[in-house]
RNA sequence: CGGGGCGUAGCUCAGCCUGGUAGAGCGCUGGUCUCGGAGUCCAGAGGUCGCAGGUUCGAAUCCUGUCGCCCCGACCA
């Protein structure tokens, strides 16, 4: 993308509604604009990040054996009356009526709908297990939306639902999802820690929330440093397909101490050898809740003995749009965002410090042609300082600085946003480092 | 849902108390000298002061209502 023609409206000053770093930076760098309280429009730069996160989530869900579907945002109230949650969910649920006066709602979550889909079509234990997920917009009419996309009313969530024949099988699904989550967050450059959690209105008795560490997080967290050592991605890590790996993984996740301040246990904490404390943001939550919905909604499959069985369910959420904010909270400095390579909107910015200078222009065009859609080319006729400042603000992992000084000698400067480190290289060397 | 605050130019804000012809900085447009960390100077465009009603000769300013947004607390991916 050429910055001169892109729709990336940046702001020099902080809009007064933005109090926390990620919200400020998302507005300033032109990622989103608010359209009403807790509801945002995603602009090109923000949407690219959202899509990148979505894709990592999708790859890891698929890798764990989950299948992607897409359920609607608008649901009939009827399903929720069946489960009994139509009344229970309260004012957070946005209720609407269609032209015939039928009660509808904008889905805050999809247990009922997925259970309905399941019961219509799955008739035998032989078809189990199933894990279905979708990545879809949700609406929860929060009393007080805040923190930009971290706590919006409309938000993009990945929610997965598992169906198993019995509890042992359900536990395996639960562990698979937990592993997928740890891999997902690691791929985004985040340190995530699973913590035992209350189950809230969703119900059930096995539940973990995933907290990522960020200095400006909402809650204080305490955890064993052992979590920092675990690699979920490399060779010798865990496999979704081996029950013994899943068991070993689950043991790792649940034996080391980790708690938010609400559940903090001083006595247990005292026995932790390598203590770590910090602030955290919840970015995911998984639940096992057994037959809560399959019973209330009458979903059964024929078991091995031919008798009907209510499948055991779990649900697994990741706040996709929240992650955009959460990553920024975890990774920024005074100058702006510092994107992890895996989700950056562009791998690199090409800064042409002297537009109109034949050598600079030619060098930049050459780099831009090589990088294509991976690069944001700052071809505006603007001062160098403005370009540096905006590139830092937008947080591209790499900046290729092309100025008249180096260009004459066939050199460009490659800057790493995260470290500030710069080196002078030939364009070819710079391109190969960016990879 | 309780408590507090704010709506004036695209953004950040002043003016309001004490009513009298709408302001600044940034951004934007044209020009100028500049040209490696948000440059200089000159000229310019841009606002029915959130909306509605009231008081008044006269309302951004005072009064009433209403809508929107933000912050603190309780609740949440």
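Residue numbers (the working numbering): 1 to 435.
Every residue, glycine too, gets a C-beta built ideally from N, C-alpha and C.
In the DSSP annotation of this structure, the continuous segment of the beta strand (DSSP E) that includes residue 348 starts and ends at 348-352. Inter-residue distance for residue 328 and residue 124 is about 46 Å (C-alpha atoms, whole angstroms). Taking a cut-off of 8 Å on C-beta distances, the region 139-148 does not touch the region 254-268, as fewer than three cross pairs fall below it. As the crow flies, the alpha-carbon of residue 248 is around 24 Å from that of residue 282.
The C-alpha of residue 147 lies about 16 Å from the C-alpha of residue 331.
For the pair of segments examined, the region 41-55 was found not to touch the region 160-168: the number of CB pairs separated by less than 8 Å stays below three. In the DSSP assignment, residue 243 falls within the alpha helix (DSSP H) that extends over 243-255.
Taking each of 340, 6 and 63 in turn and checking the Cα distance to residue 177, the smallest one comes out for 63. Residue 366 and residue 175 have their alpha carbons spaced roughly 48 Å apart. For residue 412, the enclosing beta strand (DSSP E) covers residues 412-416. Residue 155 has 138 as its beta-bridge partners, per DSSP. Here residue 310 carries a coil assignment [DSSP, helix/strand/coil]. DSSP links residue 196 through a beta bridge to 208.
In the structure shown, the three-state DSSP call for residue 76 is strand.
Measuring C-alpha to C-alpha distances from residue 133 to each of 245, 92 and 163 identifies 163 as the nearest. Under DSSP, residue 164 takes part in a beta bridge, and its partners are 312. For the pair residue 414 and residue 402, the CB atoms are not nearer than the 8 Å cut-off. For the 8 Å CB-CB criterion, residue 9 and residue 30 form a contact. Between residue 191 and residue 172 the beta-carbon gap is near 26 Å, outside 8 Å, which marks them as no contact. The beta-carbon distance between residue 83 and residue 293, rounded to whole angstroms, is 6 Å. This is short enough to meet the 8 Å contact definition.
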